[in-house]
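Have a look at the structure below, then the notes.
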Amino acid sequence: MAEQEQKSNRILSIRLVDASFESPNKMALQGRDGIPHVTVKVDDVDTKKVNDEGVYSVTLGLNVTCDLEDKTNVFIVEVKEVATVVIAGEDDPNSQIFLNGTVPDVLYNSLRELANDLIVSGGFPEFHLQFVSYEQQYLLENAERLKLQTNK
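When you line the sequence shown up against the UniProt record's numbering, it's residues 1 to 152, in that order.
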């Protein structure tokens with residue numbers, strides 16, 4: 001019984017594995033006008049089982065690229081984090097929501113803030129990415145399956 005009480009869904013650690021900011025043409029941009037074109041690419045969430053004790057690693061990366069109309073590169077930001085998490089049970093719907101929804105939400109929010117900090121530190125205006133809810137997306141995509149599991 002003591003083992004069951006200790007098992008819970010929790011994030012053990014979050015590690016920054018990549019953070020880079022490049023502005024190769026910053027000096028050439030001085031005094032130039034143009035409409036910036038920003039491209040945001042969010043990597044797919046990569047979830048891997050670490051061991052048989054409910055430990056997983058969850059990886060998420062984010063790339064932001066800004067170019068001018070004439071394809072002159074303004075800046076490139078790349079950030080990636082890995083969370084090590086433990087879940088109470090693979091068959092538990094709440095654990096699956098935590099692993100596939102809550103943890104990616106935490107990582108994405110951290111990456112959004114980090115990307116903005118790098119852009120501002122590079123001398124550019126603040127850049128706020130829209131919030132995306134991985135948890136809501138997971139619930140919508142798996143509503144029927146989760147309902148079936150909870151009714152058993």
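Idealized CB from N, CA, C, for every residue including glycine.
Quick one: give me the first and last residue of the beta strand (DSSP E) that Glu53 is part of.
Careful: Glu53 lies outside any beta strand (DSSP E) and carries neither H nor E.
Validate contact between the stretch 127-140 and the stretch 83-92 using beta carbons, cut 8 Å, 3 pairs
No: fewer than three Cβ pairs fall under 8 Å.
Terminal residues of the continuous alpha helix (DSSP H) containing Ile119?
Here the alpha helix (DSSP H) through Ile119 covers Val103 to Ser121.
Residue from Leu114, Thr102 and Ile97 with nearest C-alpha to Leu146:
Closest by C-alpha distance to Leu146, out of Leu114, Thr102 and Ile97, is Ile97.
Using only CA atoms, which one of Val106, Gln136 and Gln137 lies nearest to Leu16?
Selection Val106, Gln136 and Gln137 evaluated against Leu16 yields Val106 as nearest (Cα-Cα).
What residue does the beta strand (DSSP E) around Ile76 start on, and which one ends it?
Asn73 to Val86 is the span of the beta strand (DSSP E), which, as asked, contains Ile76.
Tell me which residue opens and which closes the alpha helix (DSSP H) that Leu140 is part of.
That run of the alpha helix (DSSP H) goes Tyr134 to Glu141.
Given a cut-off of 8 Å on the beta-carbon distance, is the pair Ile35 and Val103 in contact?
Not closer than 8 Å, so no.
Could you check which residue in Pro24, Asp67 and Glu78 has the C-alpha nearest to that of Asp43?
Ranking the options by Cα distance to Asp43, first place goes to Glu78.
DSSP-derived helix/strand/coil call for Ile97
Note: Ile97 maps to helix in three-state DSSP.
Thinking Asn100 and Tyr138 are a contact (beta carbons under 8 Å), I'd like their distance in whole angstroms, please.
Taking a contact as a CB-CB distance under 8 Å, the pair Asn100 and Tyr138 counts as one, their CB atoms being some 5 Å apart.
Considering Cα atoms alone, identify which of Val45, Asp92 and Ile76 is closest to Ser20.
Of Val45, Asp92 and Ile76, the residue nearest in Cα terms is Ile76.
For a test of the three-state rule: what should DSSP assign to Leu68, helix, strand or coil?
It is coil, neither helix nor strand.
Hey, quick one: how far does the beta strand (DSSP E) through Glu90 stretch, first residue to last?
Glu90 -> no beta strand (DSSP E), and no H or E assigned at all.
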